[in-house]
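**Q** So that we are looking at the same thing, I have put the structure below in structure tokens.
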Amino acid sequence: MYDEEHQKTLCYSDSLIVRRQGRASLHIRSKLLSLIMKLLNSLQFLLTILSGCAVVASFEINLPFLTPQDFKNGIKLAARDLLVNGLKSIWQLNKYRGDVRGKALRRRQFDSNSNLRGVSRNARIGSQYKWRDGVVPYVLSRDYSASERAIIARAMQAYHEKTCIKFVARTHEPDYLYIKKEDGCFSDVGRTGGRQTVSLDDGCIYYRTIIHELMHAIGFWHEHERPDRDDFVDVIWYNIRAGAHSQFQKVSPSESNTFGERYDYRSIMHYDSKSFSKNGRDTMVAREPGMTSVMGKSDDFSPSDLRRLNALYNCHGRPNSRPVPPPSPIIRPLVRPPVIDDEDDDYDGAPFSIRPSPPRPPIRLNLKIPFLDLICTDMWKDCYKWAAMCRTSVLEVPMRFVCARTCGHC
């Protein structure tokens, strides 16, 4: 009897041990399986990231916005890369048409037909013509080469550094710039609503030209259109080509704002002295000695250009940029609303260059989605676990592609 009870006890103990060992073994196997699954999960995620890198590498040059690499390439450009030897004026590149087109041009034609030349040709400057908070959404045509994208990036970077204007990749904004190669160099003036074209065609991809056209898009007219123009410049009407006289009309004081800046012969928005000439002679002569040859030859923003830009958009504490020798009276170009003297307006594109500047850290773009509305979701269910990698220098671009929503690009 004792032996039987003892035997049962031993069997029961052995059974407990076996069950416990089984449970322990099952727990270990479960742990191992979980670890293996995590490793496989991570491996698969990394493979997805790598595939994202491949996609980005393949298409980044054709993305509809500038990438951090474009801005890095722009920083590396030397002055000689931006110099334009023998560059024609914009009005020549445009086949003797102006560089202000769109709604402004149609308004000018309407005013001309209504015998309102020079009077109330444009809407008054108002918040409706400004870009909200100085943020300008844009879409970039895929037709630009890597070197052209770098120059465009260099020009946009100048706005980012010297003003509070920010050019950002468009997501779903209804009002935006569409930068493309269309038919010469031209832009509308200010925010006109919907998609508005800024044409930077072959022959226009130069720093000074891009600065000029973007300044139109932000809300500025040409300097020689100021209401007080005749106090500083004499227009030689006889020398102007037939059909181009409208390019020299002035803006009504009620339609413009000079922000207290005096007339600026060195403004990036000034015509050159022979603009739209029919005989090679001056169409504008500065009243101040020595300034005729200065007009339309600026390579960059003048100090007054920057003061006016920063005043229009309430940019507080912004630098005035690299010093530029003042003309005599340092003056400021005039700002006008989107509906502008449109028909054709031009800025002289004389040879341009910029002084080399020390390398600066690359600008982080506010790119909200990688392929312009094509992808606005996470391609991987565990993106949230890798959120810390969204801003790393190595994985930022592929993470923007694979985990767009988690990384805040939607």
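Taking the working numbering, the leading residue of the sequence shown gets 38, the next gets one more, and so forth. We treat Cβ as the ideally placed atom computed from N, Cα and C, and that holds for glycine. Just so we're clear, the structure is a prediction, and the values are computed from it rather than from any experiment.
(1) Using only the alpha-carbon positions, how far apart do THR320 and SER314 sit?
(2) Determine the direct distance from the alpha carbon of LEU432 to that of PRO211, and round the result to whole angstroms.
(3) Which class does ASP225 belong to by DSSP, given the choice of helix, strand or coil?
(4) So for CYS352, helix, strand or coil by DSSP?
(5) Looking at ARG191 and LEU114, is the spacing between their C-beta atoms short of 8 Å?
(6) In the DSSP assignment, the alpha helix (DSSP H) including ILE216 goes from what residue to what residue?
(7) What are the start and end residues of the beta strand (DSSP E) that includes PRO264?
(8) Based on DSSP bridge pairs, tell me the residues matched to VAL439.
(9) Considering Cα atoms alone, identify which of ILE255, TYR302, VAL322 is closest to ASN276.
(10) Quick check on the DSSP output: the beta strand (DSSP E) that includes SER184 runs from which residue to which?
(11) Should ALA425 go down as buried or exposed, given a rule of 16 or more other Cβ atoms within 10 Å for buried?
(12) Enumerate in chain order the residues of its own chain whose CB-to-CB distance from ILE248 is below 6 Å, with the five nearest sequence positions on each side excluded.
(13) Going along the chain, which unbroken runs of the beta strand (DSSP E) with 3 or more residues stay wholly within the segment 286-356?
(14) Check each candidate in PRO290, ARG186, ALA348 and name the one with the smallest Cα separation from GLY171.
(15) Go through its chain and collect everything with a Cβ distance to CYS440's Cβ below 6 Å, but skip five positions before and after it.
(16) On a Cα-Cα basis, can you pick out the residue from LYS334, ARG207, THR200 that is closest to VAL173?
(17) Helix, strand or coil: how does DSSP classify PHE257 here?
(18) Pick from VAL331, TRP168, ILE273: whose alpha carbon is nearest that of PHE204?
(19) Considering only their Cβ atoms, is the gap separating GLU298 from SER236 smaller than 8 Å?
(20) Taking the C-alpha atoms as reference points, what is the distance between LEU343 and HIS197?
(21) Tell me which same chain residues have a C-beta within less than 7 Å of the C-beta of ILE367, skipping the five on either side of it?
(22) What first and last residue would you give for the alpha helix (DSSP H) that runs through ASP107?
**A** Walking through what the data contain:
(1) Residue mapping note: residue 320 aligns to position 283 of the sequence shown, counting from 1. Residue mapping note: residue 314 aligns to position 277 of the sequence shown, counting from 1. Each residue's Cα considered, the two are about 6 Å apart.
(2) For this step, residue 211 is matched to residue 174 along the sequence shown. For this step, residue 432 is matched to residue 395 along the sequence shown. If I take the Cα positions, the gap works out to 31 Å.
(3) Taking the sequence shown and counting its residues from 1, the one referred to as residue 225 is at position 188. In the three-state DSSP reduction, ASP225 falls in the coil class, being neither helix nor strand.
(4) In the sequence shown, residue 352 corresponds to position 315, counting from 1. The three-state secondary structure of CYS352, taken from DSSP, is coil.
(5) What you label residue 114 is simply residue 77 of the sequence shown in a count that begins at 1. What you label residue 191 is simply residue 154 of the sequence shown in a count that begins at 1. Yes.
(6) The count along the sequence shown starts at 1 and reaches residue 216 at position 179. Here ILE216 belongs to no alpha helix (DSSP H); instead the beta strand (DSSP E) covers 213-217.
(7) Within the sequence shown, numbered from 1, the residue matching residue 264 stands at position 227. Neither: PRO264 is in no beta strand (DSSP E) and is coded neither H nor E.
(8) Position 402 of the sequence shown, counted from the start, is the residue given in the question as residue 439. Paired residue(s): none; VAL439 is not in a bridge.
(9) Within the sequence shown, numbered from 1, the residue matching residue 276 stands at position 239. Checked all of ILE255, TYR302, VAL322; the closest Cα to ASN276 is VAL322.
(10) Position 147 of the sequence shown holds residue 184. Segment 183-199 is the alpha helix (DSSP H) holding SER184; no beta strand (DSSP E) there.
(11) Within the sequence shown, the letter at position 388 stands for residue 425. Exposed.
(12) On the sequence shown, residue 248 is found 211 positions in, with the first residue counted as 1. The residues are ALA192, ILE305.
(13) Fully enclosed beta strand (DSSP E) runs of 3 or longer: 321-323.
(14) Counted from its first residue, the sequence shown places residue 171 at position 134. Between GLY171 and the set PRO290, ARG186, ALA348, the nearest pair of CA atoms involves ALA348.
(15) For the purposes of this step, residue 440 is taken as the residue at position 403 of the sequence shown. Taking C-beta separations shorter than 6 Å and ignoring five residues to either side along the sequence, the partners of CYS440 in its chain run ASP415, CYS420, following chain order.
(16) For the purposes of this step, residue 173 is taken as the residue at position 136 of the sequence shown. Closest by alpha carbon: ARG207.
(17) Counting from 1 along the sequence shown, the entry for residue 257 is found at position 220. In the displayed model, PHE257 falls within a strand according to three-state DSSP.
(18) Here residue 204 refers to the residue found at position 167 of the sequence shown. Nearest option by C-alpha distance: TRP168.
(19) Here the question's residue 236 lines up with position 199 in the sequence shown. Here the question's residue 298 lines up with position 261 in the sequence shown. Not in contact: SER236 and GLU298 (Cβ atoms no closer than 8 Å).
(20) Working through the sequence shown from its first residue, we reach residue 343 at position 306. Working through the sequence shown from its first residue, we reach residue 197 at position 160. The straight-line gap from Cα to Cα measures roughly 12 Å.
(21) Taking the first residue of the sequence shown as 1, we reach residue 367 at position 330. In this prediction, ILE367 scores a pLDDT of 37, lower than 50, which makes its location untrustworthy; the coordinate-derived value is nonetheless stated afterwards. Excluding residues up to 5 positions away in sequence, ARG299, ASP301, PRO340, SER341 lie with their Cβ nearer than 7 Å to the Cβ of ILE367 in the same chain.
(22) Locating residue 107 in the sequence shown gives position 70, where the first residue counts as 1. In the DSSP assignment, ASP107 falls within the unbroken alpha helix (DSSP H) covering 105-113.
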